[in-house]
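Structure record follows, encoded as structure tokens.
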Amino acid sequence: MSSPDNFESRALLAGIVGETMEHVTRKVPRAEPPELPGNAELQVVGKSVPRMDALEKVTGRARYTFDVQLPGMLYGRVVSSTVPHARIKSIDTSRAAAYPGVRSVHVLEKLLMAAQLRDPGDEAKEPYPLVRFTGQPIAAIAATTARAAEAAAKLVRIEYECLPHVTQLEAAMSNDAPLVFPGPTEQKATAGGGGAAEGLPQKGNLRGPSKGGSRGDVDQGFREADVIVEGDYRTQVQTHVPMETHGVVADWRDDGLTIYASTQHTNSVQDEAAEVFNLPKAKIRAISDFTGGGFGAKYGIGNYGTLAIHLSRKAGAPVRLMLDRREEHVSVGNRPSSLQRLKIGAKRDGSLTAIKMQSFGSGGVAAGASVGSCHHGLYPCANVSTEHFDVFTNAGPCTAMRGPGQVQGIFAFEQAIDALAVAIDTDPIQLREKLDTRDADDVRARAAERRIGAEKFGWSRRRPAGSDAGPLKRGMGMAQSMWPYIVNRYTSCEIRIGGDGTVDAFCSTQDIGTGTKTIFAQVVAEELGLPPDAINVHIGDTNYPPGPPSGGSRVTSSLTPAARNAAFAAARDIANKLAPLLQAKPEQIVFRHGRVGLPGQLETSLSFAEALQRAGIDKLVHRADRREDYDGYARKAGDLYISRQSIGGVQFAEIAVDTETGVVKVERVVAVHDCGRPINPKLIESQIFGGVIQGVSYALYEERHLDDATGVQLNANLDQYKIVGARETPAIEVHLIEQLGRQSSTDARGVAEPANVATAAAVANAFYNATGKRIYTLPMTPANVLAALRGE
Ligand code: MOS
């Protein structure tokens, strides 16, 4: 920890590049590198460097967890419940164990991911975990072939005593509904978010309310209002559907446990394995060379990982256990559903006098189905009351999912703001200009985004609602997103430089497809004056210095300052040793275009390797931490350090509604976003493409369908679980602003979640503009659309 003496005041140029910039004074640790100029003045940072692992991925050489092959490796297969609610009376694994090729069998002692009873005494002690949803993992088999494991899994005999169950939100809310849990519950958050507030009341299947952030007097606020807008909004359960399903290869040997994991956080795999197996962390290593996507559900070892580790220990051999697509949909998380009762009051001029929101969300057997924080933070309002309830059902658990809560909340809230604009006969952008006047960096970012977006999109072409006379109706809508700017508490990077000029960079963080490897290399390369491919990046391994989870849009904000600081320290070290030999002062020496020397004389100067030789350097190791933001944080919650500033964007959608068939087509989306300093515009654009596509998919198609009678998910596949394909993907245009907040040595922030947050709301607002009817229910399937057009 630094003492106050180690800080200095620096005047730094802050603001949106190309717009207004001004000097701000920050207290900066003395060891921090100097202010990094805007991207236009840099060599590598801010450039669209191609993804470093692109070739490995497109040629199939990239080794995902699914591809890991170890000598003597066995194949694991999970046995899951076939009923939605039951006591397990007995489990007979003897026939499975005797099946040819089977090497080990394990029955799960404790279920992870679900809510836990606050007082375990509320339930009679059972030999096996109670079954609370169809598809709940119960046991697993390891065998020499995948086919043998699957055949043996079918031979496990489970005797159930079935209990009454409930799968639908409204049914679960009724007083006489079967109880999913017999008493109050708790659930911890994961590194991706989710989880639930502690100690809330629970009555029947209703847990809550959580009321965090409520303020003022909403009744008074509604009395002051000239206009009131209200509605009940409903959103569906969405599943994560990463390209690579969850899975691990667990390798338990005498000397420790190695876990190859498809994960969003190697360190969380190590942490949870240590906790579940009561092992010292030093004995556990988690590796993720490549992870095929993750949207909030890939943390820790999960039930499948627990089973695989037990199987490996029992068999004395490595075990690969990858979930199949059905298990992926059903058992490892989803975005919870919601029913939101939202009422806002405003003056004739649009200023908000009251916001009242009551939500009921179902995360199945997990808590944490609240609908985000936009009611408190997106626009100023003195009187806000929010009540979030979780409704337990006999269905698979919710987890964090890309913009957890916020996506559902914004769908309703940004529609209510749109409806307010209609009610007071104002343009929706102008209403937001009117509302969004606080003096803050993020407010300035949103204002710039609205202006840029309106121009690029052609907002002036927007017509009054329901203008098209024929059955095909087109319309335009917009919505804003907001997500906290988060920094991870522990982030360290190490740079090793060899005498021949080899540069290696290390951090335990992982690249789940976002481009972490590439931006890591870029930031290091910038300091050393090298091309990015000269940096060997080593990530995805808990043996390296600790790094952030790929969650909460916090990798870039956490990793890049630590990376720059370590590379800066290495460069200064080289400069110090070289300076006397060049009869220069160390601070005069620069690293650019692969050369090291004095500015203006780089052509005649030394190559990077020559500089190391001249300086007599054979090995150099520097490690640096992510320092806290220069301006502090709004709050710290565990490993999450949350800024007073938010990240976000503004999205515009143009859609066509066929009012005869109910088919909606999103034709075009313009997305304008801020992420501090963009490190790699191409990769950011790719993130935003993904966010918009996933948002359109949520708005129009995706929905988990459960069979009430059996709790079985009817569309747990990629055929009937509808996701956008190329044909349904709109033309997407991305614009970025470069905003230097002067909070860290790179000023970079994340973008993944805000990219997904506003899309459904923008599409819904376009629906209103097209048809003159509001759509309160997602997804916008033909049935829901035709109902909305009938005013139902
Ligand atoms: Mo996440 S929902 O940022 O893993």
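Quick note: the sequence shown uses this note's numbering, first residue 594, plus one each step. Heads up, the beta-carbon is just placed ideally off N, CA and C, and yes, glycines get one too.
For residue i, which residues from the same chain have a beta carbon less than 7 Å from its beta carbon, with the 5 sequence-adjacent residues on both sides left out?
| i | result |
| --- | --- |
| Tyr1078 | Ser1150, Ser1236, Gln1238, Ser1239, Ile1240 and Arg1342 |
| Ala1354 | Ile1003, Phe1004, Glu1007, Gln1008 and Ala1072 |
| Ile1105 | Gln857, Thr884, Gly886, Gly887 and Ser1143 |
| Arg725 | His678, Ala707, Val773, Val958 and Asn987 |
| Ala607 | Met614, Glu615, Val617, Leu1333, Gly1334 and Arg1335 |
| Asp1029 | Tyr972, Val1036, Arg1039 and Ala1040 |
| Thr1153 | Ile1112, Val1116, Ile1272, Thr1339 and Ala1341 |
| Pro1375 | Thr1254, Gly1255 and Val1256 |
For a quick check, are the C-beta atoms of residue i and residue j less than 7 Å apart?
| i | j | result |
| --- | --- | --- |
| Val661 | Tyr853 | yes |
| Val1183 | Pro1173 | no |
| Gly665 | Ala910 | yes |
| Ala993 | Gly889 | yes |
| Glu752 | Ala679 | no |
| Lys876 | Gln863 | no |
| Val1116 | Ala1164 | no |
| Ala732 | Val749 | yes |
| Thr979 | Tyr892 | no |
| Ala1058 | Gly1365 | yes |
| Val1259 | Val1250 | no |
| Ser955 | Leu762 | yes |
| Val1214 | Gly1046 | no |
| Pro1124 | Ala1114 | no |
| Val1285 | Ala1264 | yes |
| Arg711 | Glu779 | yes |
| Ile1386 | Val638 | What is shown of the chain runs 594 to 1385, which leaves residue 1386 out entirely. |
| Lys1170 | Ala1217 | no |
| Arg913 | Thr1084 | no |
| Pro802 | His969 | no |
| Asp715 | Gly797 | no |
What span of residues does the beta strand (DSSP E) with residue i cover, start to end?
| i | result |
| --- | --- |
| Pro802 | Leu799 to Ser803 |
| Thr1102 | Per DSSP, Thr1102 belongs to no beta strand (DSSP E) and is neither H nor E. |
| His1328 | Ala1324 to Ile1330 |
Within its chain, find whatever has a CB closer than 8 Å to the CB of residue i; leave out the 5 residues flanking it on each side and keep chain order.
| i | result |
| --- | --- |
| Thr832 | Glu921, His922, Gly926, Asn927, Arg928, Glu1295, Arg1297 and Tyr1314 |
| Arg1367 | Gly824, Gln1008, Ala1012, Ala1357, Phe1360, Tyr1361 and Ala1381 |
| Arg1025 | Tyr972, Ile1010, Arg1039, Arg1043 and Gln1073 |
| Ala739 | Tyr668 and Arg670 |
Using the rule of at least 16 other Cβ atoms within 10 Å of the residue's Cβ for burial, across every protein chain shown, is residue i buried or exposed?
| i | result |
| --- | --- |
| Met594 | The predicted position of Met594 is uncertain, since its pLDDT is 45 and thus under 50; no value can be drawn from it. |
| Gln1306 | buried |
| Arg555 | One cannot answer for residue 555 here, as it falls past the ends of the chain, which runs 594 to 1385. |
| Arg1440 | Here the chain covers residues 594 to 1385 and nothing more, so residue 1440 does not appear. |
| Asn599 | exposed |
| Gln1194 | exposed |
| Leu1311 | exposed |
| Ser1200 | exposed |
| Val1232 | Position check: residue 1232 holds Asp in this sequence, whereas Val was assumed. By the neighbour-count rule (16 or more Cβ atoms within 10 Å), Asp1232 is buried. |
| Ala767 | For clarity, residue 767 is Ser in the given sequence; the question names Ala instead. Counting Cβ neighbours within 10 Å, Ser767 comes out exposed, since fewer than 16 surround it. |
| Gly1318 | exposed |
| Ser687 | exposed |
| Gln933 | buried |
| Thr838 | buried |
From what residue to what residue does the alpha helix (DSSP H) around residue i run?
| i | result |
| --- | --- |
| Phe1161 | Val1148 to Leu1171 |
| Val841 | No alpha helix (DSSP H) holds Val841; the beta strand (DSSP E) holding it covers Gly840 to Arg846. |
| Asp685 | First-last for Asp685: Ala679 to Asp685, but that is the beta strand (DSSP E), not the alpha helix (DSSP H). |
| His922 | Arg918 to Ser924 |
| Leu1121 | Thr1109 to Leu1121 |
| Ser807 | From DSSP, Ser807 is part of no alpha helix (DSSP H); its letter is neither H nor E. |
| Glu1295 | Here Glu1295 belongs to no alpha helix (DSSP H), and DSSP marks it neither H nor E. |
| Lys907 | Gly895 to Ala908 |
| Arg1188 | From DSSP, Arg1188 is part of no alpha helix (DSSP H) but of the beta strand (DSSP E) over Arg1188 to Gly1190. |
| Leu1382 | Pro1375 to Leu1382 |
Spatial neighbours of residue i within its chain, please: C-beta separation below 6 Å, excluding the five flanking residues on both sides.
| i | result |
| --- | --- |
| Glu625 | Ser1338 |
| Glu743 | Arg670 |
| Asp685 | Arg750 |
| Thr1370 | Arg827 and Asn1377 |
Between residue i and the ligand ADP, is the CB less than 6 Å from at least one heavy atom?
| i | result |
| --- | --- |
| Gly728 | Questions concerning the ligand ADP fall outside what the structure shown contains, since the ligands it does hold are the ligand MOS. |
Any alpha helix (DSSP H) of 4 or more consecutive residues that is wholly inside the segment 761-792
762-766
Note down, one range per segment and in chain order, each beta strand (DSSP E) of at least 3 residues found wholly within the segment 1207-1284.
1212-1218, 1228-1230, 1233-1251 and 1257-1267
Mind pulling the beta strand (DSSP E) runs of 3 or more residues that sit fully within the segment 1048-1083?
1065-1081
Those runs of the alpha helix (DSSP H) which lie wholly inside the segment 953-1031 and span at least 4 residues
967-970, 999-1016 and 1021-1028
In the segment 607-674, which residue ranges form an unbroken beta strand (DSSP E) of at least 3 residues, counting only runs that do not cross its ends?
614-622 and 667-673
Return the chain-ordered ranges of every alpha helix (DSSP H) run that is complete within the segment 842-888 and spans a minimum of 4 residues.
859-870
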